Amino acid sequence: MAALVERDPCAHFAAEDAYPGLDVEGAVRRLAAALRFRTVYRTPETTDFSAFDELHELIRRSYPTIAALGTFELVGHSVLICVEGTDPGLPGALLLAHQDVVPADDAGDWAHDPFGGHVDDEWVWGRGALDIKCMLMGELEAVEFLLAHHGRPRRTVWLAFGEDEEVESRGATALAAELARRGARAAFSLDEGVSTFSDAAAYGAPGVTVADVCLSQKGYLDLRLTCRGRGGHSSNPFGGTSLERVCRAVAALAEHPLPPRLTRPVADAFRALAPRVTEPPFRELVGDVDANADQIAAAAARVRELYPLVCTTMSVAQVMGSASAPNVMPGDASATLNLRLLPGTDADDALAWARETVGEGVEVDALHHTPSGRLDEAAGVGYEALVAAVGRFHPDVTVVPSVMRAGADSIRYEAVCDSLLRFTPFRPDPAELARGVHGPDERISRRVYAQGIRLMIDLLERSAL
Ligand SMILES: [Zn+2]
């Protein structure tokens, strides 16, 4: 029951004639201009911030209505734009994206200069075309259109563009702190998420095309297991060498994983799909998702596509401490494991599980950690507007709540935003995405770019006016 990935996302496009006043040619030109700035973030000391300065200049001079009605500020090198709404009592709408792109060290493999902003009849080429300058510039296009056609909205609209999402998310943290300092509150946010349609075969509903709206994100935890060894001759490895004990500890964790669990977004996805779930084992279970939650979680854990959505996963990444020769016992040995925490499971839970499971004689230490996200509801003004906007521009697609597997800036805004929506309105061909997102020949088609902008205009018309 492998999920089939849709090959042609444009087969699910509709209403492409909406907003005839939308300047698609200009939008493409402005996106290409943004792609020419090498906004690669490395460290605060080694980043060339002049590329970010140039991007800021482009933003400031390209959107006259935003410039007239809004304020443009820098928080470090991150951008905060505020268009005050006419109803100060209403919580705002927060549009997120990041300015930074990953490097393009493989420039020789590209058909066009990754920072050349090449445009042809079909494509806009360049590093960041998909991740995620399309969203940054697309949000500006949508807000500019909204303001030019409707004037100041009722709801305050913020645009917040961090500088280092691919590295640290310090920019997003600072932007969120600045919003909090002002007492700002957003009803919802929109940030990058899943950007492909997929077939719901994994859920037991083959033939149903779904779009994920991620309402939470998984946490990140690197764990190190260490066993002490004295080294020496290998003729008496009484009790096992340090390396053997580390291997046994890894095996114990793999054999006693944290149990699968159905979080609210995934339960809601099964609920949304229930009438169209035709395949066992879910067919028999989705009639009452709450009563069968544990069985659904256990069954989902056996499906490759759903496994990360219902499990705290453990990837055994590194083992260190081999001896110098087969007849020598190793000294200290360690294994590093990468855990992706299910929302609702925190680092302390994972540490307690690991310590209890490996038992005596194995040291367990937490290294790098990012908490999992809050579980937001599949409800509220932003969510409902997004579902309606998807329904207009992709009418044969079913929106399903989900959980983002990778980290992103959104989580930094939990304190100032009631509903964090992670959804990329730009729907490239999955093969395009797989090759291009951090690889060579990253590009977005004019058609996909324009449709994403329309979807965001519609979302704002429904939610902000
Ligand atoms: Zn990104």
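For the sequence shown, the working numbering gives the first residue as 527, with consecutive numbering after it. By construction, the Cβ of each residue, glycine as well, lies at the ideal position given by its N, Cα and C atoms. Model, not experiment: these values are computed from the prediction.
Burial state of residue i (16 or more Cβ within 10 Å)
{"i": "Val-974", "result": "buried"}
{"i": "Ser-850", "result": "exposed"}
{"i": "Ala-528", "result": "With a pLDDT of 38 at Ala-528, under the threshold of 50, the predicted position of this residue should be treated as unreliable, though the coordinate-derived value follows. Exposed is the call here."}
{"i": "Pro-801", "result": "exposed"}
{"i": "Ala-915", "result": "buried"}
{"i": "Ala-780", "result": "exposed"}
{"i": "Glu-542", "result": "exposed"}
{"i": "Asp-690", "result": "buried"}
{"i": "Thr-612", "result": "exposed"}
{"i": "His-603", "result": "buried"}
{"i": "Arg-809", "result": "exposed"}
{"i": "Thr-752", "result": "buried"}
{"i": "Ser-848", "result": "exposed"}
{"i": "Asp-534", "result": "exposed"}
{"i": "Pro-856", "result": "buried"}
{"i": "Ala-960", "result": "exposed"}
{"i": "His-782", "result": "exposed"}
{"i": "Leu-986", "result": "buried"}
{"i": "Asp-816", "result": "exposed"}
{"i": "Leu-530", "result": "Low confidence applies here, because Leu-530 scores a pLDDT of 49, under 50, leaving its location unreliable and the question unanswered by this model."}
{"i": "Glu-718", "result": "buried"}
Cβ-Cβ distance between residue i and residue j below 9 Å
{"i": "Ala-904", "j": "Pro-785", "result": "no"}
{"i": "Val-601", "j": "Ala-728", "result": "no"}
{"i": "Pro-806", "j": "Gly-755", "result": "no"}
{"i": "Glu-610", "j": "Arg-678", "result": "yes"}
{"i": "Leu-867", "j": "Arg-918", "result": "no"}
{"i": "Arg-1078", "j": "Lys-744", "result": "The question about residue 1078 has no answer here: the residues shown for the chain are numbered 527 through 991."}
{"i": "Val-669", "j": "Thr-950", "result": "no"}
{"i": "Ala-627", "j": "Val-554", "result": "Contrary to the premise, residue 627 reads as Val rather than Ala in this sequence. Result no, Cβ atoms of Val-627 and Val-554 do not sit closer than 9 Å."}
{"i": "Leu-946", "j": "Ser-715", "result": "yes"}
{"i": "Arg-969", "j": "Glu-958", "result": "yes"}
{"i": "Pro-869", "j": "Leu-832", "result": "no"}
{"i": "Ala-778", "j": "Val-926", "result": "no"}
{"i": "Gly-652", "j": "His-644", "result": "yes"}
{"i": "Ala-686", "j": "Ala-674", "result": "no"}
{"i": "Pro-954", "j": "Ala-540", "result": "no"}
{"i": "Val-772", "j": "Ala-861", "result": "yes"}
{"i": "Val-942", "j": "Ala-712", "result": "yes"}
{"i": "His-624", "j": "Glu-692", "result": "yes"}
Residue i versus residue j - alpha carbon distance
{"i": "Asp-646", "j": "Glu-889", "result": "57 Å"}
{"i": "Pro-570", "j": "His-894", "result": "20 Å"}
{"i": "Asp-615", "j": "Gly-596", "result": "Checking the sequence, you will find Gly at residue 615 rather than Asp. Looking at the two C-alpha atoms, the distance is approximately 18 Å."}
{"i": "Arg-750", "j": "Val-854", "result": "24 Å"}
{"i": "Cys-837", "j": "Ala-826", "result": "9 Å"}
{"i": "Asn-818", "j": "Leu-835", "result": "17 Å"}
{"i": "Ile-822", "j": "Val-736", "result": "19 Å"}
{"i": "Asp-984", "j": "Leu-877", "result": "45 Å"}
{"i": "Arg-948", "j": "Pro-852", "result": "51 Å"}
{"i": "Leu-912", "j": "Gly-618", "result": "15 Å"}
{"i": "Leu-672", "j": "Trp-879", "result": "51 Å"}
{"i": "Ala-843", "j": "Asp-748", "result": "9 Å"}
{"i": "Leu-548", "j": "Gly-933", "result": "33 Å"}
{"i": "Arg-568", "j": "Asp-579", "result": "16 Å"}
{"i": "Ala-698", "j": "Glu-551", "result": "31 Å"}
{"i": "Ser-760", "j": "Thr-767", "result": "9 Å"}
{"i": "Trp-636", "j": "Asp-944", "result": "41 Å"}
{"i": "Ala-484", "j": "Cys-740", "result": "The chain is shown from 527 up to 991; residue 484 falls before or after that span and cannot be answered."}
{"i": "Arg-681", "j": "Val-812", "result": "38 Å"}
{"i": "Ile-658", "j": "Ser-742", "result": "19 Å"}
{"i": "Tyr-589", "j": "Asp-875", "result": "48 Å"}
{"i": "Asp-574", "j": "Tyr-909", "result": "37 Å"}
{"i": "Asn-864", "j": "Ser-928", "result": "21 Å"}
{"i": "Glu-704", "j": "Gly-634", "result": "41 Å"}
{"i": "Glu-485", "j": "Arg-787", "result": "This structure does not reach residue 485, given that the chain is present from 527 up to 991, and the question cannot be answered."}
{"i": "Ile-607", "j": "Arg-696", "result": "18 Å"}
{"i": "Gly-758", "j": "Gly-887", "result": "19 Å"}
{"i": "Thr-789", "j": "Glu-882", "result": "24 Å"}
{"i": "Gly-709", "j": "Leu-561", "result": "34 Å"}
Whole-angstrom C-beta distance between residue j and residue i, which should lie under 8 Å
{"i": "Ser-936", "j": "Leu-622", "result": "7 Å"}
{"i": "Val-884", "j": "Ala-775", "result": "4 Å"}
{"i": "Ala-859", "j": "Met-840", "result": "With 8 Å as the limit, Ala-859 and Met-840 do not qualify as a contact, their Cβ atoms being about 18 Å apart."}
{"i": "Val-683", "j": "Ala-558", "result": "No, Val-683 and Ala-558 are not in contact; Cβ-Cβ is about 25 Å, not under 8 Å."}
{"i": "Thr-722", "j": "Pro-956", "result": "5 Å"}
{"i": "Val-907", "j": "His-538", "result": "25 Å between Cβ atoms; not a contact."}
{"i": "Met-661", "j": "Phe-952", "result": "7 Å"}
(request) Just list the beta strand (DSSP E) runs in the stretch 717-761, keeping only unbroken ones of 3 residues or longer that don't cross its boundaries, in chain order. (result) Runs of the beta strand (DSSP E) inside the stretch 717-761: 724-726, 731-743, 745-753.
(message) Runs of 3 residues minimum, wholly inside the stretch 788-867: which ones carry the beta strand (DSSP E) assignment?
(response) Within the stretch 788-867, the complete beta strand (DSSP E) segments of 3 residues or longer fall at 839-846, 859-867, listed in chain order.
(request) Specify which residues have a beta carbon nearer than 7 Å to any heavy atom of ligand 2, listing them in chain order. (result) The model depicted lacks ligand 2 and carries ligand 1 instead.
(request) Would you list, in sequence order, the uninterrupted beta strand (DSSP E) runs of no fewer than 3 residues that lie entirely inside the stretch 534-621? (result) List check, beta strand (DSSP E) in window: 597-601, 604-609.
(message) At 4 residues or longer, what runs of the alpha helix (DSSP H) sit wholly inside the stretch 640-709?
(response) Counting whole runs of 4 or more residues, the stretch 640-709 contains the alpha helix (DSSP H) stretches 659-676, 696-707.
(message) Quick check on the DSSP output: what are the complete alpha helix (DSSP H) runs of length 4 or more inside the stretch 867-921, in order along the chain?
(response) Counting only runs that start and end inside the stretch 867-921, the alpha helix (DSSP H) elements of at least 4 residues fall at 873-884, 907-919.
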